[in-house]
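Those letters in the sequence shown? Residues 3 to 397, per our numbering, in order.
Notes for the one structure printed next.
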Amino acid sequence: MSSPNVPQGFQLAVASAGFKKPGRKDLAFALSDRPAVAAGVFTRNVFKAAPVQLGSEIMQERATVRATVFNAGNANACTGAEGLANCRLSQEYLAAVNGIEPGEILPASTGVIGQQFDMTLWQKAIPELMDTLGKASVEDFARAIMTTDAFPKFCGEELLLSGGTVTIAAVAKGAGMICPNMATMLSLVLCDAAVDAADWRAMFSRVVDRTFNRATVDGDTSTNDTLYGLANGASGVKVKGDDLKILEHALTGILEDLAYKLVQDGEGASKVMHIHVRGAANDADAETVARTVGHSPLVKTAMYGKDANWGRIIAAVGRSGVACNASDVRLSLCGVEVFVHEQPVDEDLDALLKEPLEGRDIAIDITMGSGPGEYRLLASDLGHEYVSINADYRT
3 MSSPNVPQGF
13 QLAVASAGFK
23 KPGRKDLAFA
33 LSDRPAVAAG
43 VFTRNVFKAA
53 PVQLGSEIMQ
63 ERATVRATVF
73 NAGNANACTG
83 AEGLANCRLS
93 QEYLAAVNGI
103 EPGEILPAST
113 GVIGQQFDMT
123 LWQKAIPELM
133 DTLGKASVED
143 FARAIMTTDA
153 FPKFCGEELL
163 LSGGTVTIAA
173 VAKGAGMICP
183 NMATMLSLVL
193 CDAAVDAADW
203 RAMFSRVVDR
213 TFNRATVDGD
223 TSTNDTLYGL
233 ANGASGVKVK
243 GDDLKILEHA
253 LTGILEDLAY
263 KLVQDGEGAS
273 KVMHIHVRGA
283 ANDADAETVA
293 RTVGHSPLVK
303 TAMYGKDANW
313 GRIIAAVGRS
323 GVACNASDVR
333 LSLCGVEVFV
343 HEQPVDEDLD
353 ALLKEPLEGR
363 DIAIDITMGS
373 GPGEYRLLAS
383 DLGHEYVSIN
393 ADYRT
């Protein structure tokens with residue numbers, strides 16, 4: 003996949019700061035040539051990292067910003083007053099060389115929790131960062147923010163609206179600690195449309211609930227989860243009325259693509275489970291069932307082992323805490339109905355499902371009854387490599 007175009011009015015930069023490993027790109031910067039309306043969605047974890055705290059403050063205080071800075075290798079989380087001071091200092095460094103205010107720079111970090119920054123690394127990296135400004139691609143930015151990711155995650159779209167064409171480009175990182183509550187990863191969306199700040203923020207709130215908040219790898223929500231969206235109007239195309247719906251639809255598709263890639267790249271993962279629950283009393287009950295199934299280690303390991311062990315799925319449904327009539331529950335796996343009327347169908351399910359379970363995408367369709375509640379969730383399987391990666395994460 004080729005790197006998408008950088009939206010008009012934005013310049014990207016990357017550098018090697020050595021926050022975790024020397025010689026790898028681990029610092030990424032995006033600068034708008036004019037104020038850009040900003041949206042931000044953050045983790046709900048009580049222990050919010052310093053950049054999450056400062057980013058939230060900026061969102062409350064101002065509608066527009068000029069830049070974002072992302073770093074990998076150090077989360078700057080659970081670092082107290084010193085961590086906050088260091089985060090502000092990084093903003094000051096970048097503001098000074100770009101002629102903008104520190105509060106116009108949105109920060110985001112990912113990496114090991116509980117370690118203080120060596121601020122000399124920031125100072126040494128900024129000249130390299132500025133040398134690449136305007137030369138780095140969307141893919142370069144995506145690669146610079148990777149941690150345990152196996153591949154960079156990025157996408158983009160040229161969108162024709164009534165007033166002309168606008169460009170959207172987006173990146174994300176994340177492979178572990180993925181259970182958005184919003185949202186377990188770092189992500190940045192850049193757009194050159196002119197959008198009202200209130201419309202832009204409301205749009206992101208809705209789209210995140212339909213995309214990133216419906217993706218899970220391991221059920222863990224991080225301290226650093228951050229999504230920023232910047233729209234600077236450099237295209238000259240004003241988005242109002244029906245065009246807002248078109249833009250939101252495009253943004254939904256882009257974040258759906260990134261959410262799928264996050265689950266696809268789950269640490270040690272080989273499958274993406276597409277869990278669809280319907281017929282529940284309400285959407286909240288359907289979500290509870292979907293997440294109980296998607297977070298079950300027994301279900302995950304069965305899918306990793308390509309095992310048609312439908313009993314693990316039914317057991318998860320039954321312990322979800324959602325009230326239902328057992329006789330109403332139906333289950334299909336990869337399009338094959340496997341359970342109905344409180345018992346398995348009279349078929350050789352291992353033979354029927356042998357080939358479908360070899361694929362990456364596994365459909366799990368659960369009907370709870372005849373209620374209006376429905377929910378969809380993307381979830382990964384669980385393999386040996388997940389334990390290896392996370393047992394050795396700091397070492």
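Quick reminder that beta carbons are idealized off the backbone N, C-alpha and C, glycines included.
Consult DSSP for His-297 and reduce its assignment to one of helix, strand or coil. helix
Where does Phe-12 fall in DSSP's three states? strand
Please name the residue, chosen from Gly-136, Gly-320, Thr-70 and Val-54, that lies closest to Cys-80 on a Cα-to-Cα basis. Val-54
Quick check: the Cα distance between Lys-302 and Ala-200, rounded to an integer number of angstroms? 40 Å
With a cut-off of 8 Å on the beta carbons, I'd call Val-279 and Val-291 a contact; round off their distance for me. 5 Å
Taking Cβ positions only, does Gln-266 come closer than 8 Å to chain B? No chain B appears in the structure shown, which is made up of a single protein chain.
Going by C-alpha to C-alpha distance, which of Gly-165, Gly-361, Asp-348 and Ser-164 sits closest to Lys-308? Gly-361
Taking only three categories from DSSP, how would you classify Pro-109? strand
Give every residue of the same chain whose Cβ lies closer than 6 Å to the Cβ of Leu-379, excluding the five residues on either side of it in the sequence, and list them in chain order. Arg-216, Ile-277, Ala-292 and Gly-296
Buried/exposed call for Ala-38, threshold 16 Cβ in 10 Å: buried
Does the beta-carbon distance from Leu-188 to Lys-175 come in below 8 Å? yes
4-residue-minimum alpha helix (DSSP H) runs that sit fully inside the stretch 300-343, ordered along the chain: 312-320
Pull up the distance between the alpha-carbon of Ser-372 and that of Ala-282, whole angstroms please. 7 Å
Does DSSP classify Leu-260 as helix, strand or coil? helix
Exposed or buried, Pro-6, counting other C-beta atoms within 10 Å across all chains shown (16 or more means buried)? buried
Can you give me the Cβ contacts of Ala-41 inside the same chain, cut-off strictly under 6 Å, excluding the 5 residues immediately before and after it? Trp-202, Arg-203, Phe-206 and Gly-231
Curious, which full-length beta strand (DSSP E) runs of at least 3 residues does the stretch 35-119 contain? 66-76 and 107-114
Within the stretch 193-250, note down every full beta strand (DSSP E) run reaching 3 residues or more, in order along the chain. 228-233
Take the Cβ of Asn-226 as the centre, count every other Cβ of all protein chains shown within 10 Å, and call the residue buried at 16 or more, exposed below. buried
Helix, strand or coil at Arg-26 [DSSP, three-state]: coil
Determine the burial state of Phe-153: buried for a count of at least 16 other Cβ atoms within 10 Å of its Cβ, exposed for fewer. exposed
Is there contact between the stretch 236-256 and the stretch 162-171, where contact requires at least three CB pairs shorter than 8 Å? yes
If I'm right that Ala-77 touches Val-114 with Cβ under 8 Å, what's the distance once you round it to whole angstroms? 6 Å
Element boundaries [beta strand (DSSP E), containing Ile-147]: Careful: Ile-147 lies outside any beta strand (DSSP E) and carries neither H nor E.
With DSSP as the reference, label Asp-267 as helix, strand or coil. coil
Asp-367: which of Val-67, Lys-242, Leu-333 and Leu-229 sits nearest, CA to CA? Leu-333
So what's Ala-32 in DSSP terms, helix, strand or just coil? strand
Using the beta-carbon count (16 or more within 10 Å), is Met-3 buried or exposed? exposed
CB-CB under 6 Å to Ala-236, same chain, minus the five flanking residues each way: which ones, in chain order? Gln-10, Gly-11 and Asp-194
Arg-36 versus Ala-69, Leu-359 and Phe-341, residue with shortest Cα-Cα distance: Ala-69
In the structure shown, what three-state DSSP assignment does Gly-255 receive? helix
Give the straight-line distance between the Cα atoms of Gly-136 and Ala-97, rounded to the nearest whole angstrom. 17 Å
Just reading off the beta strand (DSSP E) that Lys-175 is part of, what are its end residues? 166-175
Measuring only the C-alpha atoms, how far is Val-331 from Arg-321? 13 Å
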